[in-house]
Amino acid sequence: MTAYQPDALIAADIDAYLATHAAKSMLRFITCGSVDDGKSTLIGRLLYDSKTIFEDQLSQLEADSRRVGTQGANIDFALLVDGLAAEREQGITIDVAYRFFATEKRKFIVADTPGHEQYTRNMVTGASTADLAVILIDARKGVLTQTRRHSYLAHLVGIKEIVLAVNKMDLVGHDQSVFDAIVADYAAFAKTIGIERFTAIPLSGLTGANVTTPSPDIPWYDGPALLPRLETVAIDGDRAAAASFRMPVQWVNRPDLDFRGFAGLIASGRASVGDRVRIAPSGKTTSIARIVTYDGDRQEAIAGEAVTLVLAEEVDCSRGDVIAAAENPPEIADQFVARIVWMADAPLVPGRSYSLKLGTQLVGATVQPPRHVVDVNSQEERPADTLALNDIGLAEVYADRPIVFEPYAQGSALGGFILIDRATNATVAAGMIDHALRRAQNVHWQSAVITREAHARQKGQVPRVLWFTGLSGSGKSTIANMVEQKLHAMGRHSFLLDGDNIRHGLNRDLDFSEAGRVENIRRVGEVAKLMADAGLIVLTAFISPFKAERDMVRALLPEGEFVEIFIDTPLAVAEDRDVKGLYAKARSGEIAEFTGISSPYEAPERPEIRIDTTKETAEQAASRIVEHVLGIWSYDL
Amino acid sequence: MTGLTHLQRLEAESIHILREVVAETERPVMLYSVGKDSAVMLHLAKKAFFPARPPFPLLHVDTTWKFQAMYELRNRAAEAAGMDLIVHRNPEAEAQGINPFDHGSRHTDMWKTEGLKQALTAGGYDAAFGGARRDEEKSRAKERVFSFRSAAHGWDPKAQRPELWNLYNSRIHKGESIRVFPLSNWTELDIWQYILQEGIEIVPLYFAAPRPTVERDGMLLMVDDDRFRLRPGEVPVERSIRFRTLGCYPLTGAVESEAATLSEVIQEMLLTTTSERQGRAIDHDQAASMEKKKREGYF
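Listed in order, the protein sequences are those of chains A and B.
Note that numbering that gives the first Met the number 0 has the first sequence beginning at 0, numbered continuously upward.
Note that numbering that gives the first Met the number 0 has the second sequence beginning at 0, numbered continuously upward.
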């Protein structure tokens, strides 16, 4: 067995060789299938046949093949890429491994995902950057559930080029009727999920038939072998270049007062000096004055290039904005329907505020209970209340401000997003925007004639939301009531929203599940905001156990109007008091999901005011809060 | 067809990553090891922020045992880029006189692994660019572009985040940090081709020249200064050599070569039959050495 055999041109004329290689294009693809389908063998074969394996690696491979290989005296190509078993033993999560090889025409990046566990998450991750998917089928087994799953996921993330690699043809005697039956079967299925086209290739990773060159073993097949197909397939980037110009602004480049450029990666289309552009979402128009690069100014730049644009006029533009073709700007909305792939162990909490990153925009967003989830194996839709790890669902997403987007079908750069958990900072989901909700586009903010400032001025005060948070029985309601009495006595206009009372009315349809608690706080937050708009000082007394929801309410209000008051009573003390007898019931299991006992309480990290009820009386605490609030007023008024 | 070449796509991807980190983190820093990958990374940083200077400093975690030619280029390259150069040497290693002759793997642990942690903590950096590539080794094939480290600089393989499209999640808690690898998708050949295409200056040691050497334990070592301890019977012999990777000179094996120009080096690399990391003693320690070192905080 010989390893790396270099091109004759390398020795003969290195400069000529390098010149041809400098013009190579790049294709990223994903391989879908399990070890049983011969996937690792096929990838190993591609690396081997494209001469990417060096002598020391080959001697290692030969030694490993003899020791643990499954191919007798022959080389076990799977060992080149596997290494996964050892990693699994070490407890390392493998989601996607990337491998590299090159031919004279192209450089290839292969995303390889391990077979079964976490398949949806891993495959979606690997496929998100792929131009093409190779879907492996074992010729002996035909189209299986997993084939349908792989195809559905590849199609879901928008991969347009699919190669159906019918592997192990040597084990079915290179029989054309077997191949034809599989292709017919697959074609019928592909149509049902909307796959427009695919290329089927009969091959054998083990013998190498139809991997790099046509094989005499399969004379009845006159299409390309796998590698030539990969070398010639059109790359998606070309399609992006034909679309309308869009560049999300990454960074404003301002080295001195004379230069102000907008750095970004062109997502689609092309930009030329003089082109009219529109800044989204502001809608301001101007034109491109310069296209600046380190290698000198350019007249034109295309999709996929990282450039710095200088605009003709001084317009407001910063990170998160999108510079787009003036005559065809992208859509703007704050509510849309998206396909969401859930990637975290903790399930989606509908109504909770997550961070959403799309392009260079980072906003707060909530996800509604899904309209349905899709069974990835049968592609059937079924109802669900939430999304768990590896679930794929269709759901409405509400952003806390309008974002610039395009439907995912038009491109991933402004159509794909991730959701980030605000407490753990983990990436918990991938989303693909389907369309904006019409109501988001048509319901405009009504600007009131009497402004919130006018309301506040009439009452002679600055609105505040005094948000009391703490365990059940910590003393929130008691202290909040005292604060309100003091404010009332001082002629201030206030209103107290109390947890128990709201649960009897506005929120009586909500339960005490995590989702119910999130929605409870969201509604209270919105009501508090309306009251603050009316100029009132609002006091709220809710356990509000989750940081994400408290932060969401904070974000609803102008800077400084949200005052978080942490009634810090240790659990043991609150339980000892047990004013309402609830702790006893929770301990006996009569109440499920009770904060502090069977449901977490996330203490505020930096509350405006912290009250330690073991050190202060309620009266002292109330006085201190009033002083704090009045102290802030004296600065404002 | 208007498509971009593979080098154009790689370059744009790296620039995008560099800019994302600068836009989203508080105190980024670039680890600069003076090797060819660092040279490419620095060049990409200049491109990403042109006409501004890259808005972060360079950090060299020094062992005092690098090749003299590396120190020379390091200082010049930082000055040419107009960037601050921070050189960190682990004071404990310095005090104990840790060296590659007497201390074996402790040399790497103390100077590099510990030194890096010290430098990152001292600078309060929340993001550090490194020049590692996925093609270097099997265990790196699965490495993310953004790699998250605890406040103690530990790498928890289970806490890494999925990376979708080109959306990177750079959010961290106080004290945590990110290692970012903008060259993840480059191969060794890509690096060489890019150096050729862009005319990037690299340490002359990558090109063959007559240099004083001794052969020891199957490796060809260069006698770079008079701290090199010759064993009984060893006499430096002048050979035409070059290096495929650069590190501490007593630990870095040379190859005999006549390739004195960039295209000759690439030619020799393409004609050669052994993979890149063979010259580095660090990888021969143990099979899964890279994985282990990464967990301990080595790049």
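Where a beta carbon is used, it is the ideal one built from N, C-alpha and C, also for glycine.
Three-state class that DSSP yields for residue i in the structure shown
i                            : result
valine 21 of chain B         : helix
glutamate 330 of chain A     : strand
isoleucine 194 of chain A    : coil
valine 314 of chain A        : coil
alanine 127 of chain B       : strand
histidine 503 of chain A     : helix
arginine 277 of chain A      : strand
methionine 82 of chain B     : coil
tryptophan 250 of chain A    : strand
alanine 153 of chain A       : helix
glutamine 360 of chain A     : strand
phenylalanine 188 of chain A : helix
glutamate 197 of chain B     : helix
serine 622 of chain A        : helix
alanine 412 of chain A       : coil
tryptophan 299 of chain B    : There is no way to answer for residue 299 of chain B, as the model of chain B reaches only from 0 to 298.
alanine 11 of chain A        : helix
glutamate 607 of chain A     : coil
Option nearest residue i by Cα separation, candidates the options
i                            : options                                   : result
proline 606 of chain A       : A:Ser622, A:Lys614, A:Thr612 and A:Phe561 : A:Phe561
serine 239 of chain B        : B:Leu204, B:Arg215, B:Arg228 and B:Gln266 : B:Leu204
histidine 59 of chain B      : B:Leu250, B:Leu72 and B:Glu23             : B:Leu72
isoleucine 201 of chain B    : B:Asp36, B:Lys111 and B:Val28             : B:Asp36
glycine 43 of chain A        : A:Phe100, A:Ser24 and A:Ala11             : A:Phe100
threonine 616 of chain A     : A:Lys475, A:Gly207, A:Glu563 and A:Gly358 : A:Lys475
alanine 387 of chain A       : A:His371, A:Glu405, A:Pro346 and A:Asp374 : A:Pro346
leucine 3 of chain B         : A:Arg98, A:Ala305 and A:Gly204            : A:Ala305
methionine 481 of chain A    : A:Asp257, A:Ser471, A:Phe494 and A:Leu436 : A:Phe494
alanine 412 of chain A       : A:Phe511, A:Val403 and A:Ile419           : A:Val403
tryptophan 185 of chain B    : B:Arg139, B:Ile171 and B:Ala151           : B:Arg139
phenylalanine 128 of chain B : B:Lys111, B:Ile177 and B:Asp155           : B:Ile177
alanine 485 of chain A       : A:Ser203, A:Ser512 and A:Leu538           : A quick correction: the sequence has lysine, not alanine, at residue 485 of chain A. Cα-wise, what sits closest to lysine 485 of chain A is A:Leu538.
proline 50 of chain B        : A:Ala262, A:Gly524 and A:Met431           : A:Ala262
Cross-chain neighbours of residue i in chain B, by beta carbon under 7 Å
i                            : result
leucine 264 of chain A       : Ala11 and His15
serine 64 of chain A         : In chain order: nothing, as chain B lies at least about 16 Å away.
alanine 303 of chain A       : A small correction: the amino acid at residue 303 of chain A is glycine; alanine does not occupy that position in the sequence shown. What glycine 303 of chain A touches in chain B: Leu3, Arg8 and Ala11.
tryptophan 250 of chain A    : Arg18, Val21 and Ala22
tyrosine 293 of chain A      : Lys45, Lys46 and Phe49
histidine 20 of chain A      : Gln192
phenylalanine 545 of chain A : Within chain B, no residue comes near phenylalanine 545 of chain A; the closest Cβ sits about 17 Å away, beyond 7 Å.
Amino acids of chain B, ordered along the chain, whose beta-carbon sits closer than 8 Å to that of residue i
i                         : result
arginine 318 of chain A   : Ala22
asparagine 424 of chain A : Asn168, Arg170, Ile171 and His172
Beta-carbon neighbours of residue i, restricted to chain A and to distances below 7 Å
i                         : result
tryptophan 64 of chain B  : What tryptophan 64 of chain B touches in chain A: nothing, since even the nearest Cβ is about 26 Å away.
tryptophan 164 of chain B : Ser127, Thr128, Ser411 and Gly415
alanine 140 of chain B    : Ala96, Tyr97 and Arg98
Residue i versus residue j: straight-line alpha-carbon distance, rounded
i                        : j                        : result
glutamate 233 of chain B : isoleucine 85 of chain B : 37 Å
glutamine 367 of chain A : glycine 350 of chain A   : 6 Å
arginine 609 of chain A  : alanine 38 of chain B    : 52 Å
tyrosine 167 of chain B  : glutamate 589 of chain A : 44 Å
lysine 159 of chain A    : glutamate 162 of chain B : 21 Å
glycine 32 of chain A    : alanine 153 of chain A   : 12 Å
alanine 224 of chain A   : threonine 128 of chain A : 24 Å
alanine 554 of chain A   : lysine 528 of chain A    : 10 Å
aspartate 63 of chain A  : serine 39 of chain A     : 15 Å
arginine 228 of chain B  : threonine 271 of chain B : 31 Å
lysine 291 of chain B    : serine 281 of chain A    : With a pLDDT of 49 at lysine 291 of chain B, under the threshold of 50, the predicted position of this residue should be treated as unreliable, though the coordinate-derived value follows. Looking at the two C-alpha atoms, the distance is approximately 50 Å.
alanine 18 of chain A    : glutamate 103 of chain A : 11 Å
Cβ-Cβ separation, residue j to residue i (assumed contact under 8 Å), whole Å
i                        : j                            : result
serine 169 of chain B    : threonine 24 of chain B      : 6 Å
isoleucine 14 of chain B : leucine 43 of chain B        : 6 Å
glutamate 548 of chain A : valine 517 of chain A        : 6 Å
valine 321 of chain A    : methionine 246 of chain A    : 7 Å
leucine 357 of chain A   : phenylalanine 416 of chain A : 4 Å
Residues that residue i contacts on chain A, provided the C-beta gap is smaller than 8 Å
i                         : result
isoleucine 265 of chain B : Ile13 and Leu17
leucine 219 of chain B    : Correct list: empty, because the minimum Cβ distance to chain A is about 16 Å.
Beta-carbon neighbours of residue i, restricted to chain A and to distances below 9 Å
i                     : result
leucine 57 of chain B : Near leucine 57 of chain B there are no residues of chain A at all, since even the closest Cβ is about 18 Å away, more than 9 Å.
Minimum Cβ-Cβ distance from residue i to chain E less than 8 Å
i                        : result
aspartate 134 of chain B : Among the protein chains of the structure shown, namely A and B, there is no chain E.
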